[in-house]
Every structure is written in structure tokens, then in C-alpha cells.
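**Q**
Protein chains: 2
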Amino acid sequence: MAYPQTCFRHTAFHGPSLLQTRRATVAQVTLQTQLDMLKRTGRFDCFKLQWRPIYGEKDQWPVPKHLFWDSDCAKWIEAACYCLADAYDADVDAAVQELVAMIRSAQGSDGYLNIHYTVVEPGKRWTNLRDMHELYNAGHLIEAALAHRNYYKNDLLLEPIEKYVSLIYDTFGPDEGKRHGYPGHPEIELALLRLHAATGNPKAYALASYFVRERGNPTGQDGRHYYDAEADARGDSMWLRPDPYPTARAYWYCQAHEPVLEQQTIEGHSVRAVYLLTAVADMAVLDRQGVQKTAQADAWRAAAERLWNNMVDRKMYLTGGIGARPEWEGFGRDYQLPQSTDEGGCYAETCASIGAIMLAERLLHLDLDGRYADVLELSLYNVVMTAMDVAGKAFTYDNQLASSDANTSRREEWFECSCCPPNVSRLYGSLGGYLWDYGGGSSSSSSGDKGRGDAFVNVHLYTTAKLSFDVDGQPVVLEQTSDWPLDGKVSFRVDNSSDKKLTLRLRIPSWSSGQYALHPELPGASVEKGYLVLPPSYVETNTAFTLEILNFKPRFLAPHPYTNQRTLTLARGPIVYCVEDVDNEWERNHFKDVVVDAASGAGVQEEERVFAATGERYVALRTTAWSCPLDKWDAKQPGGLPGLPADGEAEKDKETGKEALGTERSLVFIPYYFRANRGGRGHMRVGLKAV
Amino acid sequence: MAYPQTCFRHTAFHGPSLLQTRRATVAQVTLQTQLDMLKRTGRFDCFKLQWRPIYGEKDQWPVPKHLFWDSDCAKWIEAACYCLADAYDADVDAAVQELVAMIRSAQGSDGYLNIHYTVVEPGKRWTNLRDMHELYNAGHLIEAALAHRNYYKNDLLLEPIEKYVSLIYDTFGPDEGKRHGYPGHPEIELALLRLHAATGNPKAYALASYFVRERGNPTGQDGRHYYDAEADARGDSMWLRPDPYPTARAYWYCQAHEPVLEQQTIEGHSVRAVYLLTAVADMAVLDRQGVQKTAQADAWRAAAERLWNNMVDRKMYLTGGIGARPEWEGFGRDYQLPQSTDEGGCYAETCASIGAIMLAERLLHLDLDGRYADVLELSLYNVVMTAMDVAGKAFTYDNQLASSDANTSRREEWFECSCCPPNVSRLYGSLGGYLWDYGGGSSSSSSGDKGRGDAFVNVHLYTTAKLSFDVDGQPVVLEQTSDWPLDGKVSFRVDNSSDKKLTLRLRIPSWSSGQYALHPELPGASVEKGYLVLPPSYVETNTAFTLEILNFKPRFLAPHPYTNQRTLTLARGPIVYCVEDVDNEWERNHFKDVVVDAASGAGVQEEERVFAATGERYVALRTTAWSCPLDKWDAKQPGGLPGLPADGEAEKDKETGKEALGTERSLVFIPYYFRANRGGRGHMRVGLKAV
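Those protein sequence lines, which keep their order, are chains A and B. Those letters in the first sequence? Residues 5 to 695, per the numbering used here, in order. Those letters in the second sequence? Residues 5 to 695, per the numbering used here, in order.
#1: So, does the CB of F222 of chain B fall closer than 7 Å to a CB anywhere in chain A?
#2: Can you name, in chain order, every residue of its own chain whose Cβ lies under 7 Å from the Cβ of E668 of chain B, other than the five neighbours on each side?
#3: List, in order along the chain, the chain A residues whose C-beta lies closer than 9 Å to that of D63 of chain B?
#4: Might you give, ordered along the chain, the residues of its own chain that have their beta carbon closer than 8 Å to the beta carbon of F556 of chain B, omitting 5 neighbours on each side?
#5: Out of curiosity, what's the CA-to-CA distance linking E417 of chain A and Y351 of chain A?
#6: Determine the contact status of K505 of chain B and D441 of chain B, defining contact as a CB-CB distance below 7 Å.
#7: Which runs of the beta strand (DSSP E) at least 3 residues long sit entirely within the segment 314-361 of chain A? Give them in chain order.
#8: What does DSSP give as the partner residue(s) for D474 of chain A in the beta ladder?
#9: Answer yes or no: does any C-beta atom of chain A fall closer than 7 Å to that of P68 of chain B?
#10: Can you find a CB in chain B that lies within less than 7 Å of the CB of F560 of chain A?
#11: Between the Cα of T37 of chain A and those of A:A395, A:R217, A:C582, A:R613, spot the shortest distance and give me the residue it belongs to.
#12: Just the chain A side, please: which residues come within less than 9 Å of Q267 of chain B by C-beta, in chain order?
#13: Give me, in chain order, the residues of the same chain whose beta-carbon lies closer than 8 Å to that of G374 of chain A; leave out the 5 immediate sequence neighbours on both sides.
#14: By alpha-carbon positions, which one of B:A303, B:S604, B:R13 ends up nearest to V289 of chain B?
#15: Do you know whose CA, among A:N154, A:L384, A:E180, A:S670, lies nearest L199 of chain A's CA?
#16: From A:Y59, A:A6, A:P675, A:H687, pick the residue whose C-alpha is nearest to that of L384 of chain A; which is it?
#17: Under the DSSP definition of a beta bridge, which residues are partnered with A499 of chain B?
#18: With a cut-off of 7 Å, does the C-beta of N386 of chain B fall near any C-beta of chain A?
#19: Can you tell me whether V169 of chain B is buried or exposed, with buried defined as 16 or more other CB within 10 angstroms of its CB?
#20: In angstroms with no decimal places, state the Cα-to-Cα distance between Y214 of chain B and R44 of chain A.
#21: Less than 7 Å between CB atoms is the rule here; does W590 of chain A satisfy it with respect to chain B?
#22: Just how far apart, CA to CA, sit Y59 of chain A and L145 of chain A?
#23: Give me the subset of the segment 300-312 of chain A whose CB atoms are less than 8 Å from a CB atom of chain B, sorted by chain position.
#24: State the CB to CB distance for the pair L117 of chain A and P190 of chain A, rounded to an integer number of angstroms; the pair is presumed to be in contact (CB under 8 Å).
#25: Using a Cβ-Cβ cut-off of less than 8 Å, give me the residues of the segment 559-587 of chain A that come near chain B, in sequence order.
#26: Spatial neighbours of L482 of chain A within its chain, please: C-beta separation below 6 Å, excluding the five flanking residues on both sides.
#27: Name the chain B residues whose beta carbon is nearer than 9 Å to that of E347 of chain A?
#28: Indicate whether at least one CB of chain A lies closer than 7 Å to the CB of Q4 of chain B.
#29: On the premise that L244 of chain A lies in contact with S241 of chain B, defined as a C-beta separation below 8 Å, what is that separation, rounded to the nearest angstrom?
#30: Output yes or no for whether 7 Å exceeds the beta carbon distance between A406 of chain B and Q340 of chain B.
#31: Please state the DSSP three-state secondary structure of S541 of chain B.
#32: What is the rounded straight-line gap between the Cα of V124 of chain A and the Cα of H229 of chain A?
#33: Can you tell me whether V690 of chain A is buried or exposed? The criterion is at least 16 other CB atoms within 10 Å of its CB, across all chains shown.
#34: Check this for me: beta carbons of L561 of chain B and L538 of chain B, under 7 Å apart or not?
#35: For A299 of chain B, collect the residues of the same chain with a Cβ closer than 6 Å to its Cβ; drop the 5 residues on either side in sequence, then sort them by chain order.
#36: Does the beta carbon of R509 of chain B come closer than 7 Å to any beta carbon on chain A?
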């Protein structure tokens with residue numbers, strides 16, 4: 005049940021890797037850039053509680069632009085504390101301390117701590133949980149405080165935050181006289197559970213549990229849905245609603261349309277959904293492990309798994325991106341996965357994939373199954389990584405699978421609602437915690453080695469990194485060295501100085517079709533739910549061994565037929581590829597009219613490249629494709645009958661007799677994570693039309 | 005410029021045809037059924053201005069259920085008057101007269117005539133033009149009054165309606181002190197233009213012109229958009245909005261986001277859009293013909309054509325249906341044309357296609373181009389006709405191209421908002437007016453025979469019907485006899501007893517690829533914009549001749565590639581086909597997994613059938629198809645990586661070496677207009693997956 009945000013410090017990225025390149029960029033460039041942005045936009049000083057003109061702008065009802073500023077600062081503090089642990093930076097250190105001092109001074113005497121309701125609308129706190137992000141901001145403050153305490157080893161931030169938590173506890177809950185509400189944007193739930201784990205604070209657990217259980221209660225507040233009751237209390241008509249609500253009372257937008265345990269499909273705003281489910285999964289972990297052992301643990305787990313399955317099977321892009329509908333930054337119908345704005349959508353928000361990674365990590369504690377780690381890795385390399393440029397200075401909010409004239413492929417320095425950039429920073433800062441989970445000894449909470457206290461490491465991600473942890477005070481070290489994701493070979497060294505047996509489980513990604521090679525060999529080795537089990541006997545004998553994930557050759561992927569996306573996407577190892585105009589300069593129409601043929605026999609050639617500006621290596625791919633101009637359609641009389649006859653008498657190539665596919669092209673693909681780093685006109689596509 | 009609603013009386017459906025079968029059903033069954041429904045639901049008596057409990061229901065803000073009742077009655081009156089002209093029915097006659105008496109008695113002393121604002125919210129008239137359908141209802145009353153006068157030859161209905169028009173004229177307009185508003189739901193514009201044509205009422209023209217020109221003015225009312233100003237006057241926040249408005253101020257929903265002349269794409273609620281454009285096209289006709297000759301005639305025409313082209317090229321289904329988005333009963337993005345609810349939409353409202361037919365008819369007066377008539381015919385047979393069952397008692401509101409579990413293929417007796425059923429009735433009632441346009445003599449307004457006063461008939465639709473009209477008091481008769489749409493042969497007889505030369509223009513549908521046969525032949529015959537021109541010399545010599553539209557063989561149609569609908573649809577002549585489970589009983593999944601192959605060489609067999617219940621004949625089609633179960637996808641681990649490898653190594657059939665397509669099926673197609681008449685489980689599809 006250890007959290008990656010805590011245990012990441014047991015992992016050192018001790019050698020070069022793609023992940024370490026990004027981590028170093030975040031620590032050395034991004035944190036400072038984002039600090040500068042916090043200062044330039046007024047966010048840094050916001051806890052001084054001075055009025056700013058932007059506070060008075062009314063054009064974004066009901067959510068004013070500054071409403072997330074508390075969380076922007078909190079997420080930066082959290083990221084900074086993670087990165088400081090790895091690479092000290094005096095400026096960052098000073099800024100964190102200054103922010104913490106300001107946050108402390110901004111707290112009300114009763115513990116309340118929120119900029120908007122202190123400066124802009126004093127006296128109106130807790131009047132609009134649905135929209136106003138008070139509890140969301142509080143959640144990020146809690147996470148910041150935990151990161152702060154872990155790094156600084158003091159309670160300068162945690163102390164005021166726990167006071168705030170006490171106030172929230174006194175305000176919300178099942179007791180008569182308390183408000184029976186819960187946040188419109190989940191986040192505090194997962195933060196409270198971590199607070200409880202870190203400090204044992206019973207109010208934190210009780211509050212998180214209440215928020216998750218009460219959510220979607222149709223009769224929770226005076227016999228009514230809480231959001232109806234609070235709207236009434238404000239004097240608001242139910243027809244008065246923010247833009248992301250497509251209809252009145254569309255509470256599925258924030259997963260409050262029915263109790264979580266009853267939800268059959270994952271709906272609404274994607275970030276909210278995965279943050280909520282991360283807490284649900286953690287409730288299952290905690291309840292199972294005895295914090296409050298109840299039959300509900302199974303129910304929480306069933307809900308988390310059911311909604312995970314719906315998400316991954318029917319609402320996830322091949323990149324791992326989630327959220328087809330920009331209108332509500334969230335999920336569409338089953339199989340509704342358009343690639344781009346001109347196809348009617350695609351959002352795939354960066355924060356949503358970060359949430360999916362957090363959710364997958366929790367689910368791995370419930371059920372060590374490679375399917376969760378597969379998606380974790382997919383989302384990391386193909387959404388989170390594509391959301392930041394190589395320089396560490398520009399970001400994406402949404403990560404569409406194809407560009408269009410309205411949305412070319414590019415990144416921005418900052419956003420008005422800037423949740424994603426600092427979220428990327430905090431994920432990279434704590435990334436070590438996601439590589440593996442481990443345990444053993446008397447404190448082991450076990451995710452498989454029940455009772456005996458034996459040590460274990462479950463390796464989810466491959467890179468170059470070193471894990472060091474204690475088992476009853478005795479050190480265990482596991483080191484992996486790899487050129488992943490460029491190559492599938494991973495060398496391990498293990499040093500178990502404890503008196504416990506050590507079992508290793510190494511993930512065999514599903515895309516490898518279970519093909520791997522282990523040196524030295526392990527006769528009769530078993531792969532259990534996507535993890536190769538190396539028993540203590542093997543680990544004792546082989547303190548150095550090599551795992552090679554095979555099947556790293558490029559492969560074409562197809563989305564489910566019900567998506568109406570008859571496309572092919574190239575992938576190699578965990579990396580999903582795209583095409584960009586910078587490599588394919590002839591392209592003028594976002595690769596909409598380019599077709600590829602998986603069965604053409606043309607093959608896919610690999611080409612290792614070095615990005616001159618930074619020395620970063622990547623593998624480009626090349627295959628044959630055809631650009632098919634829409635001549636027949638363009639020649640159609642405007643305003644005539646819709647459609648054209650498809651008489652099956654397609655034009656044939658004179659020489660081959662095959663159907664003419666258009667102009668043959670040698671099409672170059674690059675990793676989707678690498679897009680928009682080399683100029684160009686912003687034409688890009690992941691899924692190309694299949695022949 | 006004659007209107008079909010007026011000149012239909014010059015056409016007699018003198019023999020059997022599919023159109024006449026439906027027309028007779030409407031006159032003999034549907035009118036009575038709908039009258040009964042008007043009575044049972046309280047609509048018939050609504051002009052008695054008594055309170056009804058339904059008036060107090062608040063669940064459909066801001067549009068209460070009874071808000072359209074005025075128009076429901078008006079449309080029924082209009083339909084009744086058209087049908088009475090053809091087939092007298094004493095009960096219908098009596099009901100019309102009773103309704104008219106009630107309407108007369110319901111009028112306020114100042115001319116105001118609206119149920120809701122008289123009974124439910126007196127004193128609040130004209131406070132919410134955007135939503136409350138006051139002017140829409142007035143428009144339908146005008147149309148009813150015109151139909152009533154034409155049939156009854158008295159002004160019992162027209163007199164109060166013209167009084168109401170005067171009140172509206174005094175209320176709205178450019179003058180200071182008048183409201184600078186326009187209806188949220190266009191309809192009155194096209195009605196006012198017809199009123200002006202019928203009576204010369206100058207206020208009617210001025211008002212229509214004002215409504216069309218003022219629409220979308222961003223600063224029309226006190227420097228603001230009218231709908232903003234009126235919302236303010238009501239004290240409503242801009243964030244208080246009805247469900248069909250996806251965001252605040254989404255005035256594109258009702259085509260008021262910018263002035264009509266500036267609109268580049270057709271947007272929003274489809275019925276509103278095509279009703280509005282019918283008026284715009286008619287403005288171009290009228291202005292061109294001298295009512296108010298201005299340079300604007302060309303601008304109106306350009307706008308109407310531009311939006312027509314956008315609609316037909318990018319936002320129209322192969323059936324002629326328009327409106328992809330149920331959320332606002334309207335247009336989606338360019339090429340967004342999902343077939344069914346489970347694909348994310350499809351609305352294709354019956355009324356919208358009736359509006360498209362009215363629009364096409366107007367455009368044919370501006371520009372005799374077969375592309376308009378092609379769509380007119382498409383919409384008639386494949387949307388309007390599918391919207392009523394063979395018995396004439398059940399209707400559809402939306403006409404999806406495929407069923408789903410949520411929306412099986414079926415019809416309903418009536419709807420809460422029941423615009424469609426009486427709209428179907430009034431279209432069939434006046435259908436003769438859409439078959440052809442004609443003119444000549446001194447009163448000729450000419451759509452091609454400029455100045456000389458020669459007679460002409462432009463034949464848009466083929467069926468069995470006889471047109472009789474006068475040219476300067478001398479009779480011209482044109483008779484066509486045909487089994488259309490089952491067969492492409494049309495026999496004509498012409499009797500020109502006038503002293504004018506008579507030119508005939510016969511539409512050669514674009515789907516025939518211009519293939520036709522004329523007997524006797526006309527050497528050097530020319531086809532101009534989709535119309536075969538028979539000059540006076542030919543017509544004089546050949547008083548009987550036969551046109552055969554060739555290429556009636558079944559053909560596969562494909563939608564534009566950008567729709568992401570890689571489907572094939574069977575069509576034959578003007579008829580689009582579908583598959584139903586009643587003919588293909590093995591189907592269990594709405595034909596989602598059935599593929600067809602236009603190039604398979606399997607061919608399509610025709611099979612003439614007779615529907616035993618009514619004796620109606622239709623042509624069924626049969627071809628080979630394959631059902632492809634989703635075995636690979638179903639076998640996938642739930643919650644694992646999205647997508648599957650598409651390695652090009654598809655399973656091959658052992659014997660043929662071809663890619664295995666699944667279970668071979670003999671697939672039976674029937675006309676889409678005939679669906680849901682023979683029981684079954686409501687599984688239906690128009691566009692089948694292409695191999």
C-alpha cells in the first residue's frame with residue numbers, strides 16, 4: 005500500500021535513460037520555468053490575499069480564472085519537493101519556503117484556507133461545491149504538505165493543512181448539522197487517504213470515505229441530491245448551469261449521477277473520474293488491509309475494475325489518452341473515439357492520463373496484473389511524455405491523435421487553467437515510485453507474499469534505475485539497466501543482504517505476446533498475469549541476469565471496429581508512432597488522405613536517429629503509404645446528391661492490376677511523444693487510414 | 005414563383021402510384037386519426053382558452069408541452085384543406101369549421117392570438133422570442149389560413165390571421181419604439197411571404213423581410229443581440245438556458261449567431277435552418293421578380309446556395325436525412341454523420357426533410373437545376389415516406405439510418421411535441437404542387453422562357469398524375485403515367501390547346517448518370533442542368549411520348565470518406581434500401597457486424613414483392629454478405645491495452661485463399677421507406693460495413 009509519492013525516494017535513476025532525460029529536464033528547467041510563470045501571472049503571490057483585477061472578471065461563470073491558483077501553487081510545491089530530493093536547487097528551495105510562509109499566513113483563524121472565498125467572495129464558502137473547486141484545491145494542498153514534510157522533515161506546511169482538514173471534517177459528514185456534500189472535482193479523497201496513511205489522522209480517512217460513499221446520493225441533503233439542494237440554497241435555477249453541463253442536472257459530468265458503487269460505465273470529465281477512482285481503488289486497498297475491514301472492500305474493488313474495464317476497452321485511445329469529448333473534457337459514448345477536432349472530438353487530457361497512471365498504480369496493489377501496468381506504461385510514454393516538449397518549457401493540455409486546421413500539433417508555455425504543466429512535473433518528480441513496488445519483513449503489507457514476510461519486488465517499468473529498501477533493517481538492492489524504450493534488453497543486478505527470501509516479478513508486456521528471453525534461463529518459469537516470477541532460488545543463484553522483451557519489432561495496431569476508425573497505427577515496444585509534416589513535407593491535409601496497408605508486404609524499416617539539439621536518440625520508422633487525393637469527390641457537383649456510387653470498379657494500376665491507391669510515398673513515422681519538437685506546420689496523425 | 009401549396013390543385017393523381025397510395029391513406033385514414041389525437045390530447049379544444057392541468061407542468065423549462073398546440077391544430081387544418089380539395093370528408097370539413105370558429109373566438113381584441121400567453125402567462129407576450137414559439141405558431145396559423153381560404157373561398161380564418169399579422173407588424177420592425185426581434189424558430193417568414201403573394205398584403209412582405217434581415221444582428225436591440233437584451237429584460241442570466249443550447253449564447257442553435265448573409269455553414273436545429281432558408285430563397289425569388297428589386301436578390305440567392313451546398317455535401321445522409329445531433333435536433337460538424345445512437349447520433353428529423361423539400365422547391369425557381377430536384381425526390385421517398393407506416397397511423401420523428409438497442413426501428417402514434425405527423429399530412433396533401441412547375445402567357449413569371457410568354461412545364465418528379473393549367477385562359481394538359489419508383493418508364497401525353505408554344509423539361513436524375521431513352525427520339529436533344537429539354541417543335545409533333553430513365557439497376561453508394569463511415573448502401577432508382585431482421589432472422593446485433601463487398605461479383609438480385617396486407621408492391625434486393633463476429637475482440641483480456649495488432653495476416657479461407665470474411669449470408673434488402681411495417685425485432689441498417 006506504499007504510495008509512489010512517498011517511496012519514490014528509494015529509487016535512484018543512476019544512469020541515462022529516456023525517463024531520466026525527462027526527469028532531469030523537469031528538475032533543471034521546467035520547475036524554474038513554471039516558478040517564473042507562477043510569479044508572472046500573480047499566482048505566486050496569491051496567498052498574500054491581495055485583490056487583483058483578474059479576480060473581478062466575470063466572463064467565465066461560474067468558475068473564475070483564478071479559482072485554481074491555490075492548486076497551481078500546491079502542485080508546484082509538490083513537484084519541487086520531489087525534485088529537490090534528487091537534485092538540490094537553492095532558488096527552488098527558497099521559493100517553496102516563501103510559498104509555505106505565505107500559505108501559513110493566509111489561513112483563517114478557524115483553519116479555512118482558500119483564496120477565492122477569502123478575497124473575492126468572503127462569507128460564501130461551501131455554497132457551491134459542484135463548481136467552485138474549494139475541496140479540489142484543499143486536496144492539492146494536502147498533497148503538497150505531504151511532499152513538503154517528506155522533504156523538509158518539518159510540519160510547517162502540514163500543520164496548517166491538518167488544521168484545515170479538521171475544519172473540513174467538522175463541516176462535512178453524515179452527522180446531523182453537517183453538510184452532506186462532496187467535491188464537484190474529486191481529488192481531496194485520494195489526498196486524504198494518503199494523509200491518513202502518512203499521519204494516521206482518523207479524520208482524514210473518515211472524510212475521504214464519506215466523500216466517496218456520499219457521492220451521487222439522490223437524497224443526501226434534506227431528501228434531495230446535494231447539488232440540487234445547494235443550488236436552491238443559492239437561489240439558482242436548475243437551468244442555470246456552466247457550459248460543460250450539456251443539460252440541466254447532468255451530474256454525470258462530475259460522476260455524481262449515482263453512487264459510485266452503482267455506476268456501470270465511466271462517464272463525464274475524465275480527470276475527475278480517474279482521480280475519484282484512484283481513491284475508490286485505494287479504499288479497496290485500505291479496507292482490505294484492515295483499516296476498516298468490511299465487505300465493502302470487494303465492492304470498491306469491483307466498481308474500480310468495472311469502470312477501468314469500460315474505460316480501457318471502450319473509451320481509451322491507442323495512445324492511452326482518455327476523453328473523446330472536448331465539450332466536457334471527458335468520456336464519450338462507448339467506442340466514440342474520433343482522432344481530431346474535425347472528426348468531432350478527441351481531448352485526451354494530460355492530467356487525465358496522469359490520473360489513469362495513479363489509478364493503475366493503485367489497482368496493481370489490489371491485483372498484480374500486467375494489464376494495469378501495460379496501460380500505466382502506455383499512458384506515461386504516449387500521453388504524459390508527449391505533453392511536454394524536449395526542452396521542458398512547453399506543454400499540451402489535450403493530446404489529440406491527429407491535427408486539423410483548427411488544432412495544429414503544437415504546445416503552449418502555460419494555460420489559463422494550468423493544471424497540466426505542474427501535474428507533469430510532479431509525476432516526473434515522483435516517477436521512481438511507479439517503476440516497481442516492493443516490500444517484505446514484518447511491516448510488509450504484502451501484495452502476494454502473504455504472511456511470511458518474505459521480500460519481493462514487482463517490476464512494472466523498465467529503464468535504468470536502482471531500488472534500495474530495507475527489510476527489517478536489512479538492505480535489499482535491485483538495479484536495472486536498459487535502453488528502454490528503444491530496446492527490450494534489461495540487465496538486472498540484485499543484492500539481497502536481508503535474511504528474507506526475495507521474489508522478483510518482472511512484467512512481460514502484453515504487446516510482446518509473452519515473448520521474452522531470460523539469461524540465465526529459468527526452466528519451468530511461469531508468467532502469472534503478465535509477470536514473470538523469479539523465485540528466491542533463482543534470485544539467490546543469479547545476482548545478475550538479463551531479461552529481454554522480444555517482439556520489439558514495429559507492429560500495426562487497429563482500434564475496435566465499433567470506433568468507426570478503420571485506421572492503422574504503428575507502434576514499437578511501448579511506443580506509439582505518428583507522422584509529422586516535418587518528415588513528410590509533401591503533406592498538406594493533416595495526413596487525412598494517406599492510406600497504409602499492413603498486408604502490403606512493404607515492411608517497416610527502423611532508423612535510429614539523434615536529435616541534434618539535445619543528443620536525444622529515438623527510433624524512426626519508415627514504410628510505404630499512398631496519398632489518395634479525393635478527386636472523385638472534388639469533381640462532384642456541389643449540392644448534388646450526397647454520396648457517390650461505389651460500383652466496385654475501382655481504378656486499377658495498369659502494371660500490377662491492383663487497385664490504384666494514389667501516389668506512393670515513403671512515409672516516415674516518429675514516436676508520438678516526440679512530435680512538435682522540430683518545427684514544421686503542425687500536421688500530424690497517429691491513426692492512418694487502412695487500405 | 006407559384007407556390008406548391010397553392011398550385012397543387014392543378015394536379016390530379018389520376019391513376020395508381022406509390023405516391024397516390026400514400027396520399028389516399030393520408031386523406032382516408034391519417035387525417036381522421038390525427039383529428040382523433042388532437043381531440044384526445046386536448047389540442048382540439050385548446051382555442052377555447054380553458055385551463056388544463058398540463059399547462060401547469062414545469063418540467064420542460066422553458067418550453068412547456070402545450071406550447072406548440074396552436075401549430076398542431078394549424079397544420080392539421082392546412083392538411084385537411086389540401087385533402088378536402090381532393091376527397092371530400094364531411095367529418096373533416098366539420099372539424100375544420102369548428103376549429104376555425106374556436107380560433108376566431110380566441111383572438112384578443114387587439115388581434116393577439118396565442119394560447120400560452122392568453123391562458124397561462126397573460127401579460128408576458130413577446131418576452132421570450134428565442135424559446136417560446138409565439139411567432140412560429142403564428143406562421144403556421146398563416147399557412148392554415150391560406151389553405152383554408154383556397155379551399156373554402158372565404159376569409160373566416162384569414163381575416164383574424166391578417167389582423168394578427170397587423171399586430172405583429174406593429175410590434176416588430178426597424179422603427180424606433182418597435183421591438184427589433186425575430187422568432188427563435190423561423191417559419192413565419194416563409195408563411196408571410198406566401199401571404200403577401202396571395203393577398204398583396206405589404207405588411208406581410210415587410211415583416212418577413214425584416215425578420216430575415218434582422219436575424220443575427222449582434223447589436224440590434226439597444227446595441228446588443230436581441231436575445232441577450234430580451235433575456236436581460238426578463239431578468240435571466242445568460243447561463244440560464246434550455247437544454248438544446250450546448251453552451252451559453254449558442255445562438256447558432258437557431259441560426260441567429262450572425263446575419264444570414266454572412267453565414268458560411270449551415271448550423272443548429274435543422275428544421276429551423278431549412279425553414280429559414282426557404283424564406284431566404286423565396287426572398288431571392290421575390291426580389292428578383294420585382295417585388296423589391298434590389299442587389300440583395302443575388303446576395304440572398306448566394307447565401308441560400310452556399311448553405312444548401314454545405315448541407316448536401318457535408319451534412320446530409322444518403323437518405324436525404326439532415327441533422328446528425330439529437331442534442332439540438334440539428335447539424336453536426338462537416339462530415340459528422342453517424343448512423344445511429346450507439347455511434348453517437350443521427351436525427352434526420354422528418355420535419356427537417358419536409359423543410360428541405362420546400363427549400364429545394366424554392367431553389368428550383370431561382371435556378372432550374374436537377375441537383376435540387378434530385379434531393380427533393382430523395383428526401384420525399386427516403387425520409388418523409390419512411391416517417392409514416394403503410395397504414396397511415398404511425399410516425400417517426402427522427403429517422404436514423406441504423407437501429408440500436410436504445411433506438412429500435414419503429415414508429416409511434418403521436419408525440420408530445422407532435423410537429424412531424426401533421427407536417428407529413430400537409431406535404432402529401434399538397435404534393436401535386438411539387439411534381440412540376442409551369443407557366444406561360446402574360447402572367448408568366450418565367451423560370452426560363454423569358455419574356456415571350458411561351459408556356460413551359462418543368463417536370464421534377466415522375467409518377468402518375470395529370471397537370472391542367474391555363475395560359476391566358478387556354479388550357480394546357482400534361483399527363484404522365486408511370487410505375488415510378490419501381491420502374492423508370494414514364495409515358496407522357498400532352499394537350500396544348502393554347503396558342504403559346506410549349507416547352508417541356510424533364511428531369512434526368514443524376515443517379516441515372518444521364519442515361520435515358522426518349523421515344524420518339526429527339527435528335528440532338530440537350531440536357532441542361534439535369535433537365536432534358538423538349539422544344540415546342542418536339543412537343544407539337546409528339547403529343548404522346550415516352551421517357552425511360554435507364555440505369556435503374558441496383559447500385560452501391562458510399563458516403564464521403566471523411567464521414568468515417570466506410571459503408572455501402574444499396575439504392576435502386578431514387579430508393580435507398582435497408583436491411584431488417586424480419587427478412588434476415590439470423591441477425592441479433594443491428595447488422596453492425598455484417599459486411600458487404602461491392603466488388604465481390606456476387607451481384608444483386610431484384611425480387612418484386614407484394615405486401616399482402618395492402619397489396620402494395622415493392623422491389624426487394626438480395627446479395628451476398630458476411631457476418632463477422634468479433635471473436636478476436638471478444639477474446640481480448642478485459643481492461644488490457646486498447647486496440648489489437650493488425651498484422652496483415654488475416655485468416656484466409658482454405659479453399660479460395662481469400663481473406664475469411666465470416667459466415668456467408670444471403671442478405672435481403674427492402675426500401676428504407678418500407679421499414680418497420682412487418683413486425684420483427686426492430687433491427688435495421690442502411691449503411692453496411694464495406695469489406
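Backbone N, C-alpha and C define an ideal beta-carbon position, used for all residues, glycine too.
**A** The structure says:
#1: One detail in the question is off: residue 222 of chain B reads as Pro in this sequence, not Phe. No, P222 of chain B does not count as interfacial toward chain A.
#2: T628, W630
#3: None at all; the shortest Cβ gap to chain A is about 10 Å.
#4: D491, G492, S516, R576, G577
#5: In this structure, the straight-line span from the alpha carbon of E417 of chain A to that of Y351 of chain A is close to 18 Å.
#6: Not a contact, by the Cβ cut-off of 7 Å.
#7: none
#8: Bridge partners of D474 of chain A according to DSSP: A:P479.
#9: no
#10: yes
#11: Closest by alpha carbon: A:A395.
#12: Chain A residues near Q267 of chain B: none, gap ~16 Å exceeds 9 Å.
#13: R511, I512, P513, S514, K533, G534, Y535
#14: B:A303
#15: A:N154
#16: A:P675
#17: In the sequence under discussion, the amino acid at residue 499 of chain B is Asp, which differs from the Ala named in the question. According to DSSP, residue pairing for D499 of chain B in a beta bridge involves B:V481.
#18: no
#19: buried
#20: 51 Å
#21: no
#22: 21 Å
#23: E309, W312
#24: In fact, because the Cβ distance is near 19 Å, the residues do not count as touching under 8 Å.
#25: R559, F560, L561, A562, P563, H564, P565, Y566, N568, Q569, R570, L572, T573
#26: In chain order, V461, L471, V498 place their CB closer than 6 Å to the CB of L482 of chain A, counting only its own chain and leaving out the 5 sequence neighbours on each side.
#27: R337, Y339, Q340, Y566, N568
#28: This structure leaves residue 4 of chain B out entirely; chain B is present only between 5 and 695.
#29: 6 Å
#30: Between A406 of chain B and Q340 of chain B, the gap from beta carbon to beta carbon reaches 7 Å or more.
#31: helix
#32: 27 Å
#33: buried
#34: no
#35: So no residue of the chain qualifies.
#36: no
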